[in-house]
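Peer 1: Numbers in our numbering are just positions in the sequence shown, counted from 1, shifted up by 517. Take a look at the following structure, please.
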Amino acid sequence: MSLEELKGKLEALEKQALAELEQAAQEGIENLRVKYLGKKGELTSILRGLSNIDAAVRPLIGKLSNEIKTRLEEKINHKQNELKEKSEQAALSNITVDLTLPGTSMAMGSMHPITQVMEEICAIFTRLNFAVVQGPEIETDYYNFEALNFPPEHPARDMQDTFFIEDKVLLRTHTSPVQVRVFEKQKPPVKIVVPGKVYRHDADVTHSPMFHQVEGFMVDENITFADLKGVLTLFIKEMFGEQLSARFRPDFFPFTEPSAEVAMSCFACKGAGCRICKNSGWIEIMGAGMIDPAVFKHVKYDPEKYSGFAFGMGVERIAMLKYGIDNIGLFYENDLRFLKQF
Numbered sequence: 518m519s520l521e522e523l524k525g526k527l528e529a530l531e532k533q534a535l536a537e538l539e540q541a542a543q544e545g546i547e548n549l550r551v552k553y554l555g556k557k558g559e560l561t562s563i564l565r566g567l568s569n570i571d572a573a574v575r576p577l578i579g580k581l582s583n584e585i586k587t588r589l590e591e592k593i594n595h596k597q598n599e600l601k602e603k604s605e606q607a608a609l610s611n612i613t614v615d616l617t618l619p620g621t622s623m624a625m626g627s628m629h630p631i632t633q634v635m636e637e638i639c640a641i642f643t644r645l646n647f648a649v650v651q652g653p654e655i656e657t658d659y660y661n662f663e664a665l666n667f668p669p670e671h672p673a674r675d676m677q678d679t680f681f682i683e684d685k686v687l688l689r690t691h692t693s694p695v696q697v698r699v700f701e702k703q704k705p706p707v708k709i710v711v712p713g714k715v716y717r718h719d720a721d722v723t724h725s726p727m728f729h730q731v732e733g734f735m736v737d738e739n740i741t742f743a744d745l746k747g748v749l750t751l752f753i754k755e756m757f758g759e760q761l762s763a764r765f766r767p768d769f770f771p772f773t774e775p776s777a778e779v780a781m782s783c784f785a786c787k788g789a790g791c792r793i794c795k796n797s798g799w800i801e802i803m804g805a806g807m808i809d810p811a812v813f814k815h816v817k818y819d820p821e822k823y824s825g826f827a828f829g830m831g832v833e834r835i836a837m838l839k840y841g842i843d844n845i846g847l848f849y850e851n852d853l854r855f856l857k858q859f
């Protein structure tokens, strides 16, 4: 076949394709593309047959074929977009909704109240130059009990209601194990707060099997109970109000000696006595005390040189007091009516 015959055949093919394209509906565009430009399409067949024509003619026919292929692709894409736009406009014209009206706004999420309170607690102590540290929730008996002066037969172990995973491995019952882990790696001075989840086999309106604690401790030379009282009194005033005062009464914890129950004056009745404070005028919020020298011996701190205090509080309890919540379960039920209040 001569050059002129091949050119004529290609130009006729392009003319035929454009004529069919002009009459094609939207659903037929893709069929048209396959017919002429697909792997078995008519133009593709011509290009595959170039090896059978005269070598002198082949470059000219190849160039013309590619130009026609490019033009057809552009025309097909333009036609497809044009028909698609017309279809969308026709669909919109049949909609009776006023599209200029404002849409329904999506509710924005926010931090959970427990997270908010935990961050507020940590922020107060970081302003006092305490560092925030976290530790593992799955602990060994050594870190959770033994290194904190809970011997194997110590009766205080019965108070913990521990979830054991296997022998000597458990879900931590308090955040205090992090205290020992920090002491092993860092020499005094040490000022740390430890927020995190803890686990105990206990559940009612004021207790949950999983809850949150913030542990804090400070160790250096010449740390006294007066330092403990000053730090925790400041915390109470920052968290609940400048007008409140703190009370420290003797208590018992295996890893502190002396130990204290820390209470604040009732924010509701100002000490007169009410339902919230059980008519005592005081609300217990945490336990604290001077770190027992027996704990220091496990981490090779010299108890003759260093002293320190530790404290621990339940975040849920702080949140319940701060916001007047009477059921701890509300924090975990994911009720939006409750969560939106925060």
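Ideal Cβ placement from N, Cα and C applies to all residues, glycine included. Note that the coordinates shown come from a computational prediction; the quantities given were computed from them, not determined experimentally.
1) Buried or exposed, going by whether 16 or more other CB atoms sit within 10 Å of the CB of L853?
2) Kindly list the residues whose CB is nearer than 6 Å to the CB of V711, restricted to its own chain and excluding five residues on each side of it in sequence; keep chain order.
3) In terms of residue numbering, what span does the alpha helix (DSSP H) encompassing I835 cover?
4) Let me know the alpha helix (DSSP H) ranges lying completely inside the region 609 to 686, each 4 residues or longer, listed in chain order.
5) What are the start and end residues of the alpha helix (DSSP H) that includes Y553?
6) What are the start and end residues of the alpha helix (DSSP H) that includes Q730?
7) Please list the segments of the alpha helix (DSSP H) lying wholly inside the region 685 to 713, counting only runs of 4 or more residues, in order along the chain.
8) With distances taken from CA atoms, which of S824, K795, E539 and Y818 is nearest L745?
9) Does DSSP classify I585 as helix, strand or coil?
10) Is there contact between the region 751 to 765 and the region 655 to 667, where contact requires at least three CB pairs shorter than 8 Å?
11) Exposed or buried, G713, counting other C-beta atoms within 10 Å across all chains shown (16 or more means buried)?
12) Are at least three pairs of beta-carbons, each pair with one atom in the region 549 to 566 and one in the region 576 to 586, less than 8 Å apart?
13) What are the boundary residues of the alpha helix (DSSP H) that includes P810?
14) For a test of the three-state rule: what should DSSP assign to V574, helix, strand or coil?
15) Between Q597 and the rest of its own chain, which residues show a CB-CB distance below 6 Å, the 5 nearest in sequence each way excluded?
16) Since A780 and I802 are thought to touch, with beta carbons under 8 Å apart, how far apart are those beta carbons, to the nearest angstrom?
17) What residue range is occupied by the uninterrupted alpha helix (DSSP H) comprising F752?
18) So, with DSSP's three-state summary, where would you put R854?
19) Provide the residue(s) that pair with E778 in DSSP beta bridges, ordered along the chain.
20) Between E654 and L688, what straight-line distance do the alpha-carbon atoms span, to the nearest angstrom?
21) Where does H718 fall in DSSP's three states?
22) Measure the C-alpha to C-alpha separation of Q730 and H724 and round it to an integer number of angstroms.
23) If we ignore side chains and look at the alpha-carbon of each, how far apart do L535 and G555 end up?
24) Hey, how far is the Cα of T679 from the Cα of V707?
25) Are three or more beta carbon pairs between the region 802 to 813 and the region 770 to 778 nearer than 8 Å?
26) Expressed to the nearest angstrom, what Euclidean distance is found between the alpha-carbon atoms of L523 and E531?
27) Is E537 near L549, with beta carbons less than 7 Å apart?
28) What does the Cβ neighbour count give for M635, buried or exposed, with the cut at 16 atoms within 10 Å?
29) Could you check the C-alpha separation between P630 and I753 for me, to the nearest Å?
30) Taking the alpha carbon of E539 as the reference point, which residue from A573, D571, V551 and K592 has its own alpha carbon closest?
Peer 2: Walking through what the data contain:
1) exposed
2) V650, T692, V695 and E732
3) V832 to Y840
4) 630 to 643 and 658 to 661
5) I546 to L554
6) Here Q730 belongs to no alpha helix (DSSP H); instead the beta strand (DSSP E) covers M727 to D737.
7) 694 to 702
8) S824
9) helix
10) no
11) buried
12) yes
13) P810 to H815
14) coil
15) I546
16) 6 Å
17) F742 to F757
18) helix
19) R766 and G804
20) 6 Å
21) coil
22) 13 Å
23) 16 Å
24) 29 Å
25) yes
26) 12 Å
27) yes
28) buried
29) 19 Å
30) K592
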